[in-house]
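Asker: Got a structure for you, questions after.
2 protein chains.
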Amino acid sequence: MASITIIDIAKMCGVGVTTVSRAINNHPDISEETKAMIMQVIKENHYVPNNSARNLKRSASKTIAVLIKGITNAFFNRLIQVFEKEIQQKKYSFILQRVDDKEDELEVAIELEKEKRLRGIVFLGGYFSHAKEKLEQLSVPYVLCTIGMTEEFDPNEYSSVSVDDFKESYKMVDYLCSQGHKKIALISATMDDVSIGKLRLEGYKKALADHGLAYNERLVRCMKEDLESYSMKNGYVVTKELLESEDEFTAIFAISDSLAIGACKAIFEAGKRIPEDYSVAGFDGVDISYYYNPSITTIRQPAEDIAEETIKILFDLIHKKTTHIHKVFPAELVVRESTMRIE
Amino acid sequence: MASITIIDIAKMCGVGVTTVSRAINNHPDISEETKAMIMQVIKENHYVPNNSARNLKRSASKTIAVLIKGITNAFFNRLIQVFEKEIQQKKYSFILQRVDDKEDELEVAIELEKEKRLRGIVFLGGYFSHAKEKLEQLSVPYVLCTIGMTEEFDPNEYSSVSVDDFKESYKMVDYLCSQGHKKIALISATMDDVSIGKLRLEGYKKALADHGLAYNERLVRCMKEDLESYSMKNGYVVTKELLESEDEFTAIFAISDSLAIGACKAIFEAGKRIPEDYSVAGFDGVDISYYYNPSITTIRQPAEDIAEETIKILFDLIHKKTTHIHKVFPAELVVRESTMRIE
């Protein structure tokens with residue numbers, strides 16, 4: 001059926017277009033009676049106002065894209081929900097674009113920007129390592145969320161929102177050391193992750209050093225590149241290998257909760273107990289870390305704050321209200337059942 | 001910077017536009033040398049071909065939207081990954097639109113169809129209960145995925161892909177009965193869910209009846225409407241109430257794995273064991289049902305098959321290659337550690 005327009009509704013009602021618009025938008029300068037009549041006509045004709053006052057309002061020309069690496073990561077679900085709410089409140093349209101682990105998010109963004117005439121972009125997850133000249137091909141503002149750039153990149157040229165991955169990783173390893181653990185395995189990112197993966201590894205090393213513990217690279221196990229990154233399966237496979245090796249350890253720190261849960265599964269399958277035989281710690285603070293049995297000691301990232309700030313900065317950049325900034329939120333060590341003190 | 005076009009590239013290379021196009025699209029009728037030269041110029045000028053041969057090709061005018069209720073449901077993650085892959089392979093653009101539990105997915109779809117000029121829609125999750133005249137406002141084909149319509153709706157007027165929710169629910173309850181359970185609690189959908197929620201409840205009732213067991217409505221506990229549907233928290237809260245009631249039971253069947261995990265948490269918190277004190281079963285077969293401790297007995301839905309078939313039917317409808325069909329996939333009872341035989 002042909003689309004009905006606001007002009008058609010105005011004709012049917014015998015009023016002006018402005019009056020119809022007032023009825024739709026709850027404008028005070030319209031009598032209740034006229035408004036009721038117009039809304040009835042709108043309803044009967046299944047007219048969907050383009051500038052409806054509803055929070056669903058979207059405009060094809062005002063779109064924000066969120067490019068996400070690792071959509072199965074439960075941590076991102078909470079962020080996405082906030083993104084969508086905030087973007088809709090600003091009357092922008094929201095595109096969620098998943099990017100494969102091995103896909104180049106910047107290429108996807110450049111293409112998407114052209115095709116969808118984006119106003120802004122959020123890069124979520126993965127690690128971000130691109131040439132400056134390629135980044136300059138993006139002509140709309142963007143914000144990195146939960147990720148950073150490598151140090152050689154000028155921080156005045158981009159914005160980011162995250163926790164301090166070095167410090168929070170340090171916090172967890174420091175805690176495990178304080179519980180008497182001297183042999184702490186790390187399930188880390190792949191070594192080409194020079195962003196959060198590197199920072200969390202550095203935090204681990206520094207905490208060991210501060211406790212006078214030797215760094216044993218055999219206890220640092222990277223996620224498998226042929227498995228989905230940050231997945232339970234990846235944590236499971238890596239831990240199974242570690243358990244079958246000759247390398248001794250009393251605790252595992254996995255750089256995501258999902259990896260930690262995979263680690264737990266491998267430990268249970270080997271007939272061992274958590275935390276009596278091995279302490280296991282994660283990172284993120286997703287729901288399942290609480291619901292798992294045993295509940296998982298973790299670093300809880302403030303997901304809502306991170307997501308809200310990301311959108312705030314993005315819109316400030318769009319409206320040229322700010323220069324580039326780097327917002328770092330504190331995260332929280334949450335001690336639960338999966339870790340214990342050893343002698 | 002102004003966008004570079006294929007014409008600019010042709011000029012810079014001193015060749016015709018067709019030649020540039022051939023280079024980009026790996027056409028055989030172009031010498032390797034010319035192709036190399038053109039690709040070098042393309043690279044140096046950061047030109048992004050609009051009709052690149054990459055699977056990223058999207059067109060603003062060819063868009064499929066997936067409207068999803070319950071984005072935190074891990075089961076949907078697997079479906080979404082397949083949707084995206086299949087839609088991109090068909091050179092269509094993919095919009096993922098989350099719909100709140102209390103939001104009307106049909107209203108969202110009607111508005112989205114106008115604004116984004118959609119070619120097709122997938123409705124995923126929730127339950128689908130809409131007036132016929134309102135459905136007719138959708139002018140593009142749509143497929144219901146994992147959901148059905150109420151019986152009064154003419155099946156010749158819509159398409160759907162799902163499992164047989166009645167039969168699969170029956171299968172699980174029949175299994176629990178065969179293990180000696182006579183008092184089986186059900187964590188069900190809200191009573192206004194006249195789609196899969198109702199079918200799974202009916203399957204439960206029928207299995208009890210076939211085993212000569214009385215139906216006790218006090219053991220049927222609906223998810224809380226003020227909590228996110230199908231969430232771990234919902235399962236937790238409902239089970240905590242059940243445990244604190246006077247109602248006796250030896251097994252819980254939750255109509256999703258996430259609800260089942262919430263149920264497990266409540267049982268552990270009450271100082272009880274699984275499966276020794278209570279058997280717990282779920283539905284869906286998501287990854288965490290395997291990784292949980294104990295691993296959860298569940299009904300595994302064939303997520304990939306369901307998602308692929310949904311897209312296949314949708315495109316057949318778009319290309320008018322099919323009339324409406326209802327594809328039902330078998331699901332599989334997966335017995336794991338969370339259930340046991342009792343005397």
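Quick note, the sequences are listed as chains A and B, same order. Using the UniProt record's numbering, the letters of the first sequence correspond one by one to residues 1 to 343. Using the UniProt record's numbering, the letters of the second sequence correspond one by one to residues 1 to 343. For glycine and all other residues, C-beta sits at the position ideal for the given N, C-alpha and C. The model shown is predicted, which means the values in this text are computed figures rather than measured ones.
1) Run through chain A and tell me which residues come within less than 7 Å of T72/B, C-beta to C-beta.
2) Can a CB atom of chain D be found closer than 8 Å to the CB of L96/A?
3) When every heavy atom of the ligand NAD is checked, does at least one fall within less than 7 Å of the C-beta of E276/B?
4) For I7/B, count neighbouring C-beta atoms within 10 Å of its own C-beta (all shown protein chains included) and say buried if the count is 16 or more, exposed if not.
5) Could one say the Cβ of Y215/B lies closer than 8 Å to chain A's Cβ atoms, at least one of them?
6) Given that M232/B touches chain A, what residues does it touch there, using C-beta distances under 8 Å?
7) For H130/A, which residues from the same chain have a beta carbon less than 7 Å from its beta carbon, with the 5 sequence-adjacent residues on both sides left out?
8) Okay, do the stretch 294 to 308 of chain A and the stretch 72 to 88 of chain A touch, 3+ Cβ pairs below 8 Å being the bar?
9) Below 8 Å on C-beta distance, what does F268/B contact in chain A?
10) Within the 8 Å Cβ cut-off, does I261/A reach chain B?
11) Here's the rule: buried if 16 or more other CB atoms are within 10 angstroms of the residue's CB, otherwise exposed. What is R300/A?
12) Please go through the stretch 40 to 116 of chain A and give each complete beta strand (DSSP E) segment of 3 or more residues, from N-terminal end onward.
13) For K134/A, I'd like the list of residues in its chain whose CB is within less than 7 Å of its CB, leaving aside the five on either flank, ordered along the chain.
14) So, at 7 Å on beta carbons, what are the nonlocal neighbours of N234/B in its own chain, with the 5 sequence-adjacent residues on each side left out?
15) For a contact defined as C-beta to C-beta under 9 Å, what are the partners of K265/B on chain A?
16) Does E84/A have its Cβ less than 8 Å from a Cβ in chain B?
17) Could you tell me whether any Cβ in chain A is nearer than 8 Å to the Cβ of Q89/B?
18) To the nearest angstrom, how far is the alpha carbon of S245/B from that of A254/B?
19) Starting from F315/A, trace the beta strand (DSSP E) both ways and give me its first and last residue.
20) Does the distance from the CB of I110/B to the CB of Q137/B come in under 8 Å?
21) Following the continuous beta strand (DSSP E) through K206/A, name the residue where it begins and the one where it ends.
22) Measuring only between beta-carbons, confirm whether Q301/A sits less than 8 Å from chain B.
23) Sorted by chain position, which residues of the same chain lie with C-beta nearer than 8 Å to N156/A's C-beta, five sequence neighbours on each side aside?
24) For the alpha helix (DSSP H) that contains E332/A, what are its first and last residues?
25) Could you tell me which chain A residues have their CB closer than 7 Å to the CB of residue 345/B, listed as they occur along the chain?
26) Three or more beta-carbon pairs under 8 Å between the stretch 193 to 209 of chain B and the stretch 267 to 277 of chain B, yes or no?
27) Using the rule of at least 16 other Cβ atoms within 10 Å of the residue's Cβ for burial, across every protein chain shown, is T18/A buried or exposed?
28) Counting pairs of Cβ atoms below 8 Å between the stretch 168 to 178 of chain A and the stretch 310 to 318 of chain A, do you hit three or more?
29) Taking the continuous alpha helix (DSSP H) assigned at L243/B, which residues delimit it?
30) Quick test of the definition: if touching needs 3 or more C-beta pairs under 8 Å, does the stretch 188 to 195 of chain A touch the stretch 206 to 219 of chain A?
31) So what does DSSP say about S129/A, is it helix, strand or coil?
32) Within 10 angstroms of the Cβ of P141/B, are there 16 or more other Cβ atoms? Answer buried if so, exposed if not.
33) Are the CB atoms of S256/A and N77/A within a distance shorter than 8 Å?
Answerer: On the basis of the data shown:
1) Those within 7 Å of T72/B in chain A are N77.
2) Included in the structure are the protein chains A and B, with no chain D among them.
3) Ligands are entirely absent from the displayed structure, and the ligand NAD is therefore not among its contents.
4) Looking at its Cβ environment, which holds fewer than 16 other Cβ atoms inside 10 Å, I7/B is exposed.
5) No, its Cβ sits nowhere closer than 8 Å to a Cβ of chain A.
6) Here the neighbours are D287, I288 and Y291.
7) Leaving aside the five residues that flank H130/A on each side, the residues in its chain whose CB is nearer than 7 Å to its CB run, in chain order, L106.
8) With the cut-off at 8 Å, the stretch 294 to 308 of chain A and the stretch 72 to 88 of chain A touch.
9) Under the 8 Å cutoff, chain A gives N293.
10) Judged by the 8 Å Cβ criterion, I261/A is in contact with chain B.
11) With 16 or more Cβ atoms within 10 Å of its Cβ, R300/A is classed as buried.
12) Listed in chain order, they are 63 to 69 and 93 to 99.
13) Residues of the same chain with a CB within less than 7 Å of the CB of K134/A, apart from the 5 flanking positions on each side, are L106 in chain order.
14) Excluding residues within five positions, the ones whose Cβ falls inside 7 Å are M223, K224, L227, E228, L259 and G262.
15) In chain order: Y290, Y291, Y292, N293 and S295.
16) Closer than 8 Å to some Cβ of chain B, the Cβ of E84/A qualifies, so yes.
17) Not one chain A Cβ lies under 8 Å of Q89/B.
18) Rounded to the nearest whole angstrom, the C-alpha separation of S245/B and A254/B is 18 Å.
19) Looking at the DSSP string, F315/A is not in any beta strand (DSSP E); the run it does join, the alpha helix (DSSP H), is A303 to I318.
20) Yes; because the gap between Cβ atoms is below 8 Å, this pair is in contact.
21) If you look at K206/A, you'll find it isn't in any beta strand (DSSP E); it sits in the alpha helix (DSSP H) that goes I196 to D210.
22) No, because no Cβ of chain B sits closer than 8 Å to the Cβ of Q301/A.
23) Once the five neighbours on either side are set aside, the close Cβ partners of N156/A are T323 and H324.
24) Where E332/A is concerned, there is no enclosing alpha helix (DSSP H), although the beta strand (DSSP E) around it starts and stops at E332 to V334.
25) Limits of chain B in this structure are 1 at one end and 343 at the other, which puts residue 345/B out of reach.
26) Taking 8 Å as the limit for Cβ pairs, the verdict is that the stretch 267 to 277 of chain B does not touch the stretch 193 to 209 of chain B.
27) Exposed.
28) These segments do not touch.
29) For L243/B, the enclosing alpha helix (DSSP H) begins and ends at M232 to E244.
30) Output reads no: the stretch 206 to 219 of chain A does not touch the stretch 188 to 195 of chain A.
31) In this structure, S129/A counts as coil in the three-state DSSP scheme.
32) Buried is the call here.
33) In this structure, S256/A does not lie closer than 8 Å to N77/A by Cβ.
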